[in-house]
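2 protein chains.
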Amino acid sequence: MNFFSKMFKVTQLSTIRMIVLFYFCAVIVSMALLSLPIFHNEGVQLSFIDLLFTSVSAISVTGLTVVSTSETFNAAGSIALAAVLQFGGIGIMTLGTLIWLILGRRIGLRGRELIKIDQNRTSFGGIVKLLINIFKIVLLIELIGTIILSTYFLNYFDTWQEALLQGFFGAVSATTNAGFDITGSSLQPFAQDYFVQFVNMILLILGAIGFPVLIELEELIRKKSIGINPKYNFSLFTKLTTITFFLLILAGTILILFLERNGLFFADKSWHEKLFYSLFQSVTTRNGGLSTMDMNEFSSPTLVMMCILMFIGASPSSVGGGIRTTTFAIMVLTIYNFAKGKTSVKVFGREIEQEDIIGSFIVITTAGMLCVVGIITLNSIETFSLLSITFEVFSAFGTTGLSMGITPYLSTPAKCVIIVLMFVGRIGIFSFLFLLRSIGTRESYHYPKEKVIIG
Amino acid sequence: MNFFSKMFKVTQLSTIRMIVLFYFCAVIVSMALLSLPIFHNEGVQLSFIDLLFTSVSAISVTGLTVVSTSETFNAAGSIALAAVLQFGGIGIMTLGTLIWLILGRRIGLRGRELIKIDQNRTSFGGIVKLLINIFKIVLLIELIGTIILSTYFLNYFDTWQEALLQGFFGAVSATTNAGFDITGSSLQPFAQDYFVQFVNMILLILGAIGFPVLIELEELIRKKSIGINPKYNFSLFTKLTTITFFLLILAGTILILFLERNGLFFADKSWHEKLFYSLFQSVTTRNGGLSTMDMNEFSSPTLVMMCILMFIGASPSSVGGGIRTTTFAIMVLTIYNFAKGKTSVKVFGREIEQEDIIGSFIVITTAGMLCVVGIITLNSIETFSLLSITFEVFSAFGTTGLSMGITPYLSTPAKCVIIVLMFVGRIGIFSFLFLLRSIGTRESYHYPKEKVIIG
Ligand SMILES: [K+]
Ligand SMILES: [K+]
Numbered sequence: 055m056n057f058f059s060k061m062f063k064v065t066q067l068s069t070i071r072m073i074v075l076f077y078f079c080a081v082i083v084s085m086a087l088l089s090l091p092i093f094h095n096e097g098v099q100l101s102f103i104d105l106l107f108t109s110v111s112a113i114s115v116t117g118l119t120v121v122s123t124s125e126t127f128n129a130a131g132s133i134a135l136a137a138v139l140q141f142g143g144i145g146i147m148t149l150g151t152l153i154w155l156i157l158g159r160r161i162g163l164r165g166r167e168l169i170k171i172d173q174n175r176t177s178f179g180g181i182v183k184l185l186i187n188i189f190k191i192v193l194l195i196e197l198i199g200t201i202i203l204s205t206y207f208l209n210y211f212d213t214w215q216e217a218l219l220q221g222f223f224g225a226v227s228a229t230t231n232a233g234f235d236i237t238g239s240s241l242q243p244f245a246q247d248y249f250v251q252f253v254n255m256i257l258l259i260l261g262a263i264g265f266p267v268l269i270e271l272e273e274l275i276r277k278k279s280i281g282i283n284p285k286y287n288f289s290l291f292t293k294l295t296t297i298t299f300f301l302l303i304l305a306g307t308i309l310i311l312f313l314e315r316n317g318l319f320f321a322d323k324s325w326h327e328k329l330f331y332s333l334f335q336s337v338t339t340r341n342g343g344l345s346t347m348d349m350n351e352f353s354s355p356t357l358v359m360m361c362i363l364m365f366i367g368a369s370p371s372s373v374g375g376g377i378r379t380t381t382f383a384i385m386v387l388t389i390y391n392f393a394k395g396k397t398s399v400k401v402f403g404r405e406i407e408q409e410d411i412i413g414s415f416i417v418i419t420t421a422g423m424l425c426v427v428g429i430i431t432l433n434s435i436e437t438f439s440l441l442s443i444t445f446e447v448f449s450a451f452g453t454t455g456l457s458m459g460i461t462p463y464l465s466t467p468a469k470c471v472i473i474v475l476m477f478v479g480r481i482g483i484f485s486f487l488f489l490l491r492s493i494g495t496r497e498s499y500h501y502p503k504e505k506v507i508i509g
Numbered sequence: 055m056n057f058f059s060k061m062f063k064v065t066q067l068s069t070i071r072m073i074v075l076f077y078f079c080a081v082i083v084s085m086a087l088l089s090l091p092i093f094h095n096e097g098v099q100l101s102f103i104d105l106l107f108t109s110v111s112a113i114s115v116t117g118l119t120v121v122s123t124s125e126t127f128n129a130a131g132s133i134a135l136a137a138v139l140q141f142g143g144i145g146i147m148t149l150g151t152l153i154w155l156i157l158g159r160r161i162g163l164r165g166r167e168l169i170k171i172d173q174n175r176t177s178f179g180g181i182v183k184l185l186i187n188i189f190k191i192v193l194l195i196e197l198i199g200t201i202i203l204s205t206y207f208l209n210y211f212d213t214w215q216e217a218l219l220q221g222f223f224g225a226v227s228a229t230t231n232a233g234f235d236i237t238g239s240s241l242q243p244f245a246q247d248y249f250v251q252f253v254n255m256i257l258l259i260l261g262a263i264g265f266p267v268l269i270e271l272e273e274l275i276r277k278k279s280i281g282i283n284p285k286y287n288f289s290l291f292t293k294l295t296t297i298t299f300f301l302l303i304l305a306g307t308i309l310i311l312f313l314e315r316n317g318l319f320f321a322d323k324s325w326h327e328k329l330f331y332s333l334f335q336s337v338t339t340r341n342g343g344l345s346t347m348d349m350n351e352f353s354s355p356t357l358v359m360m361c362i363l364m365f366i367g368a369s370p371s372s373v374g375g376g377i378r379t380t381t382f383a384i385m386v387l388t389i390y391n392f393a394k395g396k397t398s399v400k401v402f403g404r405e406i407e408q409e410d411i412i413g414s415f416i417v418i419t420t421a422g423m424l425c426v427v428g429i430i431t432l433n434s435i436e437t438f439s440l441l442s443i444t445f446e447v448f449s450a451f452g453t454t455g456l457s458m459g460i461t462p463y464l465s466t467p468a469k470c471v472i473i474v475l476m477f478v479g480r481i482g483i484f485s486f487l488f489l490l491r492s493i494g495t496r497e498s499y500h501y502p503k504e505k506v507i508i509g
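The listed protein sequences correspond, in order, to chains A and B. If you read the first sequence in this note's numbering, its first letter stands for residue 55, the second for the next number, and so on. If you read the second sequence in this note's numbering, its first letter stands for residue 55, the second for the next number, and so on.
1. Between Leu-302/A and Ile-256/A, is the Cβ-Cβ spacing less than 9 angstroms?
2. Find out if the Cβ-Cβ distance for the pair Gln-220/B, Leu-203/B is shorter than 9 angstroms.
3. Say whether chain A places a C-beta atom closer than 9 angstroms to the C-beta of Asn-187/B.
4. Would you say Pro-355/B reaches chain A, if we count a Cβ-Cβ gap shorter than 9 angstroms as a contact?
5. Asn-341/A versus chain B: which residues are under 9 angstroms apart at the beta carbon?
6. Strictly under 9 angstroms for the Cβ-Cβ distance: is Ile-472/B near chain A by that measure?
7. For Ser-336/A, decide whether its Cβ has a neighbour in chain B, counting only Cβ atoms nearer than 9 angstroms.
8. Measuring straight from C-alpha to C-alpha, what distance separates Pro-370/A and Gly-375/B?
9. Check the Cβ of Thr-453/B against every Cβ in chain A and list those closer than 9 angstroms, keeping chain order.
10. Going by C-alpha distance, which of Met-349/B, Val-417/B and Thr-213/B is nearest Met-458/B?
11. Please list the partners that Leu-313/B has in chain A, where partner means a Cβ-to-Cβ separation under 8 angstroms.
12. So, for Arg-164/B: in the same chain, excluding its five sequence neighbours on each side, which residues have a beta-carbon less than 7 angstroms away from its beta-carbon?
13. Decide yes or no for the touch test of the stretch 388 to 400 of chain B against the stretch 479 to 490 of chain B: beta carbon pairs closer than 8 angstroms, at least 3 of them.
14. Does Lys-190/B come out as helix, strand or coil in the three-state DSSP assignment?
15. May I ask you to report which of helix, strand or coil DSSP gives Glu-446/A?
16. Any chance you could list the residues with Cβ under 7 angstroms from a heavy atom of ligand 2, keeping chain order?
17. Between the alpha carbons of Phe-207/B and Gly-479/B, how many angstroms are there, rounded?
18. Select from the stretch 366 to 397 of chain B all residues with a C-beta closer than 8 angstroms to any C-beta belonging to chain A, and list them in chain order.
19. So, using beta-carbon positions, are Thr-338/A and Leu-184/A closer together than 9 angstroms?
20. Verify the CB distance criterion: does Ser-439/A have a CB-CB separation below 9 angstroms to chain B?
21. Going along chain B, which residues have a C-beta under 7 angstroms from Ile-362/A?
22. What ranges does the alpha helix (DSSP H) occupy inside the stretch 434 to 489 of chain B, keeping only unbroken runs of at least 4 residues that lie completely in it?
23. Run through the DSSP bridge pairs and tell me what Phe-127/B is partnered with.
24. Thinking just about the alpha-carbon of each residue, which of Gly-145/A, Ser-465/A and Leu-139/A is nearest to the one in Asn-187/A?
25. Return helix, strand or coil for Glu-314/B, following the three-state DSSP convention.
26. Could you name the residues of chain B that Met-359/A contacts, counting a contact when the two beta carbons are closer than 8 angstroms?
27. Distance cutoff 9 angstroms, beta carbons only. Does Gln-220/A sit that close to anything in chain B?
28. What residues from chain A crowd round Ile-412/B, counting only those whose CB sits closer than 9 angstroms?
29. Given the structure, does Gly-482/A come close to ligand 1, in the sense that its CB is under 8 angstroms from one of the ligand's heavy atoms?
30. Thinking C-beta only, is Ile-384/A closer than 9 angstroms to Ile-411/A?
31. Could you tell me which whole alpha helix (DSSP H) segments of length 4 or greater appear in the stretch 246 to 305 of chain B?
32. Does Ile-236/A come out as helix, strand or coil in the three-state DSSP assignment?
33. If you compare alpha carbons, which of Leu-106/B, Phe-223/B and Ser-101/B is closest to Ala-80/B?
34. Does the stretch 246 to 256 of chain B come close enough to the stretch 264 to 279 of chain B to have 3 or more Cβ pairs within less than 8 angstroms?
35. So does Gly-142/A have its beta carbon nearer than 8 angstroms to some heavy atom of ligand 3?
36. Contact check, Ile-236/A vs Ser-345/A under 8 angstroms by CB: the rounded distance?
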């Protein structure tokens, strides 16, 4: 064990505090960067709270905006913002994975093997390799995305510079699931362009599906290409998160189609338009935050349902937020197994640890309470409808970035509430709870156990 | 082990099904009873769905009404309705306790001792004694309540018959936490009468605090009166549920006062009026469903907060519904202990069982999902505001009976949704999940455990 990993073991807790501190610093640096007048369009004046809001939204890759990105930032500013998103997105993937290593958890058998940690010992070399690996994969995805989108955007924009900027920003915003746009109205200009939507969905999914999944996939492709190990075993984590991820997208699409079957917006649309609107908006609730239509076009039940989807969010160790797919999957599996009278939770020939079950429920209930407190607080300082406030709160906690349009009109205290929600949603409920923890208190005494009536 | 208890052990599961079946029958019998024309005022025509709704509401002592009780039922009808409430209320207390015995759980050390069950063996004698004990205590409380209220109501009503009927119905409705009223507007006529409110709050609390608490209290009083055993140890259950119960009432009162500080309704009220309005409405969210004011007078954040209070509900083994106080307490204690880095949940010198922790979380999350599905469904078939629908759903699931006034105007499908919510809220999430269980499947094989990333 070298010094670095030793320090990790000793100050496990302070390391999580350090990561939170790191986020704070990242916000301050991006505030400084985004406040530079050279990045602004002429005549733009950003207030302190709007600058803070924009920076937290960018670092947490949420995508809620109090000022129009395209009206505020010039071309250079857009590139600077893309850099912040890049930094936020990659930081989140890396730090999200690191937190789990620090907590002495493995990312699953294969992940553990890949990042060269043996028996909970985190080696410095392994971490550096992990960071580089994440960096390489994300950059590769973004590069391919930029090339495809920029080339295609030559049809839409007059100059190749504009097409390149739009393609580059779009690819970065989609891959990091940032939800920012420089079109001025998200992906609404491409509501009829299935190709742009398709590329965006692929990028959104690659960003939100989780880094361990990408690395296992990369290994599979590499092994397949040199013709060895045709029987590849994905880790439990990869199976669980991927299936949950796609089931959520499928369920979201079907529910939107069903709930909007008599809706005004879908009334004059063809079946493939309905399908693409539903599919894209379902994918975007995983964490993307981009949209091909105005959220206010949806009816109230659809929007409530989308709140739940945003609350669940993306895979762990991805750029996404929310309670995470695995947490939700473990909850559903536990309830299902309980209802079937089973004493353990089995899935894909593996058993879920009791510790992870309780952990999942802690995350869900804490997150739920946090959102309810957020809703009541916003509701008591703003006059917007309960629905738009609820939507805003779940979008902020899930770092999704969808909005019914109230964000720019929030008062300063309300903006602060959303900032806190984005920040906690970003660092995650576990890190949030860890912040409250005092160092080194493992109690060694026990009381007699006594049952109580519940339910 | 006699035949009865043996049958219990063997058909644990079918017993829960039997209890659910019993509720079904109780609903049908009360439908037959309440449909009798001799109980109706002249010219009243009850539709099938309204009769079903009223019966489920009465048997589950919820108190949501689609027809005005005072306009529909005559004096004899009111007494018949009181009998149904009585039957529902006592049935719930008894069956709620029985379910826990059937599940092989003890009501706490003292409860177990009191109802003479040794080592999970439920004796028939013990059960009969328990039933009689519950019956005696409830009747005693109602008798005292009726005498006090009727005597006092002589000031309000012209004839002693009317005062007696109002006092009797009021005492039964309050003790069983039924929330029905024959005043036509709940306790609003007594909004300035602190004595009536005080008596009602005592009755509501006695009904909702849980039968094991009452029986331990009764034992304490009895022992104190004959001068023995001055150091009495309450069970963990009694301590946990009672403290949570009163903390919720306190928190509710303070939050209403705080959230309504600038509200229109409180603007012209004195401090003691504000206090009593807040206190009574906080007590009533435990499960009472009576109110001294129109819910629409409250601002939106207060109503959202009250939804949470109704969701939590009353103590287990009481006439109340919701997820129950102990479930909520265990969740809070688990999250608190996790945040403090503790590995076990300790309270009052006892440790909470892992099984109860997971059980609590299962109840909370299943209930939460059920309510969200209810909200989305109602929202898609009705045009009422999201707030009044949310309030109605939580009130139905918590069997609270408070409403923002939309109940009579619900369409038939919407009424069916509320009926299902009242029914499930009544039988409880555990029984609900048990219904899905197939008999005798305890698996004996195990898979290797594998960790996954959550949160
Ligand atoms: K986002
Ligand atoms: K009630």
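C-beta: ideal position from N, C-alpha, C; glycine also. Since this is a predicted model, take the numbers as computed values, not measurements.
So, to answer that:
1. Position 248 of the first sequence holds residue 302/A. Position 202 of the first sequence holds residue 256/A. No, the Cβ-Cβ distance between Leu-302/A and Ile-256/A is not below 9 angstroms.
2. Position 166 of the second sequence holds residue 220/B. Position 149 of the second sequence holds residue 203/B. Closer than 9 angstroms, so yes.
3. Position 133 of the second sequence holds residue 187/B. Not one chain A Cβ lies under 9 angstroms of Asn-187/B.
4. Position 301 of the second sequence holds residue 355/B. Answer yes: the Cβ-Cβ gap between Pro-355/B and chain A drops below 9 angstroms somewhere.
5. Here residue 341/A is taken as the residue at index 287 of the first sequence, counted from 1. Going along chain B, no residue has its Cβ under 9 angstroms from Asn-341/A, so there is no contact; the nearest lies around 15 angstroms.
6. Taking the first residue of the second sequence as 1, we reach residue 472/B at position 418. Using a CB distance cut-off of 9 angstroms, Ile-472/B does not count as an interface residue toward chain A.
7. Against the first sequence, residue 336/A aligns to sequence position 282. Not one chain B Cβ lies under 9 angstroms of Ser-336/A.
8. Against the first sequence, residue 370/A aligns to sequence position 316. Against the second sequence, residue 375/B aligns to sequence position 321. Approximately 36 angstroms between the Cα atoms of the pair.
9. Here residue 453/B corresponds to residue number 399 of the second sequence, with the count starting at 1. Neighbours of Thr-453/B on chain A: none; closest Cβ ~14 angstroms, over 9 angstroms.
10. For the purposes of this step, residue 458/B is identified with residue 404 of the second sequence, where counting begins at 1. Measuring from the Cα of Met-458/B, the nearest candidate turns out to be Met-349/B.
11. Walking along the second sequence from the start, residue 313/B turns up at place 259. Here the neighbours are Ile-430 and Ser-434.
12. Mapped onto the second sequence, residue 164/B falls at position 110. Confidence at Arg-164/B is low in this model, with a pLDDT of 39, below 50, so the placement of that residue is unreliable and no value is reported for it.
13. no
14. Stepping through the second sequence from its first residue, residue 190/B is reached at position 136. In this structure, Lys-190/B counts as helix in the three-state DSSP scheme.
15. Here residue 446/A refers to the residue found at position 392 when the first sequence is read from its first residue. Shown here, Glu-446/A sits in a helix according to DSSP, grouped into three states.
16. Counting every residue whose Cβ lies closer than 7 angstroms to a heavy atom of ligand 2, we get Val-115/B, Thr-116/B, Gly-117/B, Asn-231/B, Ala-232/B, Gly-233/B, Asn-341/B, Gly-342/B, Gly-343/B, Thr-453/B, Thr-454/B and Gly-455/B.
17. Working through the second sequence from its first residue, we reach residue 207/B at position 153. Working through the second sequence from its first residue, we reach residue 479/B at position 425. Their Cα atoms are separated by approximately 34 angstroms.
18. Pro-370, Ser-371, Ile-377, Arg-378, Thr-380, Thr-381, Ile-384, Met-385, Thr-388, Ile-389, Phe-392, Ala-393, Lys-394, Gly-395, Lys-396 and Thr-397
19. If you number the first sequence from 1, residue 338/A lands on position 284. If you number the first sequence from 1, residue 184/A lands on position 130. It is not a contact, given that the beta carbons lie outside the stated cut-off.
20. Here the question's residue 439/A lines up with position 385 in the first sequence. Yes, contact with chain B.
21. For the purposes of this step, residue 362/A is identified with residue 308 of the first sequence, where counting begins at 1. Going along chain B in sequence order, the residues near Ile-362/A (Cβ under 7 angstroms) are Val-426.
22. 440 to 451 and 466 to 489
23. The sequence position of residue 127/B within the second sequence is 73, counting from 1. Per the DSSP secondary-structure output, Phe-127/B pairs in a beta bridge with His-94/B.
24. Here residue 187/A refers to the residue found at position 133 when the first sequence is read from its first residue. Asn-187/A has its Cα closest to that of Gly-145/A, out of Gly-145/A, Ser-465/A and Leu-139/A.
25. Here residue 314/B corresponds to residue number 260 of the second sequence, with the count starting at 1. Residue state, collapsed to three classes: coil.
26. As a first step, residue 359/A is located in the first sequence; it is residue number 305 there, counting from the start. Those within 8 angstroms of Met-359/A in chain B are Ile-430.
27. Translated into positions along the first sequence, residue 220/A becomes position 166. Chain B contact via Cβ: absent.
28. Residue mapping note: residue 412/B aligns to position 358 of the second sequence, counting from 1. By Cβ distance, chain A contributes Thr-388, Phe-392, Gln-408, Ile-411, Ile-412 and Phe-415.
29. Start at 1 with the first residue of the first sequence, and residue 482/A comes out as number 428. Incorrect: Gly-482/A has no Cβ contact closer than 8 angstroms to ligand 1.
30. The residue given as residue 411/A occupies position 357 in the first sequence. The residue given as residue 384/A occupies position 330 in the first sequence. Cβ atoms of Ile-411/A and Ile-384/A: closer than 9 angstroms.
31. Listed in chain order, the alpha helix (DSSP H) elements of length 4 or more contained wholly in the stretch 246 to 305 of chain B are 248 to 262 and 265 to 279.
32. Walking along the first sequence from the start, residue 236/A turns up at place 182. In the structure shown, Ile-236/A sits in coil (DSSP, three-state: anything other than H, G, I, E or B).
33. One-based indexing of the second sequence puts residue 80/B at position 26. Closest option to Ala-80/B, Cα to Cα, is Leu-106/B.
34. no
35. Ligand 3 is not among the ligands present in this structure, which contains only ligand 1 and ligand 2.
36. Locating residue 236/A in the first sequence gives position 182, where the first residue counts as 1. Locating residue 345/A in the first sequence gives position 291, where the first residue counts as 1. Contact doesn't hold; Cβ gap of about 15 angstroms is too wide.
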